[in-house]
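Undergrad: In terms of UniProt numbering, the sequence shown opens at residue 1 and continues consecutively.
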Amino acid sequence: MLKQTMPYIIRFLVGGLFIFSGLIKVNDPVGTAIKLEEYFDVFSNDIASFFSIFKDYALEIAVFLVVAEVVLGVMLILGVRLKLTVWALGIMILFFTFLTFYSAYFNKVTDCGCFGDAIKLTPWESFTKDVILLVLIGILFFFKNDLSNQSPNWAKWVVRSSLLLSFVLAITAIRNLPFIDFRAYKEGVDITTAMKPSAPLQYNYIMKKDGKEVVLDQYPTDESYEFVDMVLVNEDALPKISDFAVWNEEGDFTEGILTGNKAVIFVTFMAKMNTDHLGKIDEMINGLQGSGITPVLVAASSVDEIEALISSRNWGIEGYQGDATVIKTIMRSNPGIMLIREGVVLKKYHYRNTPSPDEIKSLFAQ
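And the structure:
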């Protein structure tokens, strides 16, 4: 009885988790590509330089992986070509297990992106999850001779539909923005508030006295105690945003960006910036003159590159520098536009969907 029911239970558990993980990442393939670029960077430095070649194809690899997760999960649950599916899942989970082990052991990529930005796991939690999946898929290998490759025609049509749908969703998310934004800079977030702790931070102090360690909730005044470590108790009170900053040669202008009405144009990497739609941004900037809404440029580039872009487009706006990782987190489009009203994220746009000046004015008027 166990031999008959166990494979079915494992199929639903593993298949469901792969579908769930894949759908979250189909929602944001650009985010998965960014994570892959981090791995390729690390591998090119630590293992072999040829890994840097894959950086140019990170987005294509990301789309393949996220779509494959969904389709293989559906195939596993519906029993379509089970032996091939188990082999494919085995290879995929070996790849993921290697990535998460490398992240955890060498502390290189601190977030594997297993569930995108929706669910954050520590490197060791990610590795543990993959080991469990590896064991479960290993059990399916043990029962592989009992797995049938026969499945009804309707199941095959469901697989084909899941392939088409997940691919279309992934491409749509790339050409626009994620359908659901799980990041700290999503619409409606007050960045100023998110940069502050939600409650006073509380620490436990690990001290040593007479050769014994003790844990205190306040730092002792008794000088006979020797300090060992301090541990944050309420980690959930930490600021949701801790790295947002913009600056130029004159100093820090973070507070200025978060004051008043701003239309911020973000550029992650100047050399890879899409220039086909800059005409729409030209119209947006020109149409906002005298409206009380200030367009600004924030780019992860040198001062000279920023000034050259502003000058070449005759934008006549202020340009600031920002951290590349932060800008990639904020905006999955290069360039992209974010409207901010008194520090609150009002709206975000892919460059393909650059809003008209009238649309922006009506949003700020609401």
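All residues carry an ideal CB built from backbone N, CA and C; glycine is no exception.
For T294, which residues of its own chain have a beta-carbon under 6 Å away from its beta-carbon, when the five flanking residues on both sides are left out?
TA: K262
Undergrad: For Q202, does the count of other Cβ atoms within 10 angstroms reach 16, so buried, or fall short, so exposed?
TA: exposed
Undergrad: Between D282 and the rest of its own chain, which residues show a CB-CB distance below 7 Å, the 5 nearest in sequence each way excluded?
TA: R313
Undergrad: What residue from Y8, P200, K328 has the CA that sits closest to M270's CA?
TA: Out of Y8, P200, K328, the CA that lies nearest to the CA of M270 is found in K328.
Undergrad: Quick check on this structure: which residue in G256, K196, N27, D210 has the alpha carbon closest to the alpha carbon of E342?
TA: G256
Undergrad: Measuring alpha carbon to alpha carbon, tell me which residue in K348, M207, V215 is nearest E223.
TA: M207
Undergrad: For K212, which option in T221, L23, Y225, G336 has the closest C-alpha, if you only look at C-alpha atoms?
TA: Y225
Undergrad: Quick check: the Cα distance between F20 and Q218, rounded to an integer number of angstroms?
TA: 43 Å
Undergrad: By how many angstroms is the C-alpha of G31 removed from the C-alpha of N286?
TA: 32 Å
Undergrad: Is P178 near P239, with beta carbons less than 8 Å apart?
TA: Contact: no.
Undergrad: Am I right that F18 and G73 are in contact with their C-beta atoms under 8 Å? What's the rounded C-beta distance?
TA: 3 Å
Undergrad: Whole angstroms is fine: what's the gap from K35's alpha carbon to I24's?
TA: Spanning the two alpha carbons is a distance of roughly 14 Å.
Undergrad: Less than 8 Å between the beta carbons of residue 421 and N353, yes or no?
TA: Not covered by the structure: residue 421. The range shown for the chain is 1 to 366.
Undergrad: Please go through the same chain and pick out, in chain order, the residues whose beta-carbon is closer than 7 Å to the beta-carbon of A184, but skip the five residues on each side of it.
TA: A194, K240, I241
Undergrad: What separation, rounded to the nearest whole angstrom, lies between the Cα atoms of P335 and V231?
TA: 40 Å
Undergrad: DSSP on N234, reduced to helix/strand/coil?
TA: coil
Undergrad: Ordered along the chain, which non-local residues of its own chain (more than five positions away) have a Cβ less than 7 Å from that of V80?
TA: S151, A155, K156, V159
Undergrad: Going by CA-CA distance only, name the one from Y105, I139, V66 that's closest to W87.
TA: I139
Undergrad: Could you pull out every unbroken alpha helix (DSSP H) segment of at least 4 residues lying fully inside the stretch 56-113, listed in chain order?
TA: 58-78, 82-106
Undergrad: Looking at C-alpha atoms only, which residue of Y105, V326, R11 is the closest neighbour of V135?
TA: R11
Undergrad: Is DSSP giving D210 helix, strand or coil here?
TA: Taken through DSSP and simplified to helix, strand or coil, D210 comes out as coil.
Undergrad: Go ahead and pull the three-state DSSP assignment for E318.
TA: strand
Undergrad: Can you grab the Cα-Cα spacing for the pair Y57 / L288, in whole Å?
TA: CA-CA distance, Y57 to L288, rounds to 37 Å.
Undergrad: Taking C-beta to C-beta, are T320 and V267 nearer than 8 Å?
TA: The sequence shown places Tyr at residue 320, not Thr. No, the pair does not count as a contact, with Cβ atoms beyond the cut-off.
Undergrad: For Y39, which residues in the same chain have their Cβ closer than 7 Å to its Cβ, ignoring the five residues on either side in sequence?
TA: So the list reads L99, V109, once near-sequence residues are dropped.
Undergrad: Which two residues bound the contiguous alpha helix (DSSP H) that contains F141?
TA: 123-142
Undergrad: Which residues does DSSP pair with M338 in a beta bridge?
TA: Under DSSP, M338 forms a beta bridge with V264, K348.
Undergrad: When the Cα atoms are used, what is the spatial distance from D111 to G290?
TA: 44 Å
Undergrad: Just how far apart, CA to CA, sit G251 and L94?
TA: 47 Å
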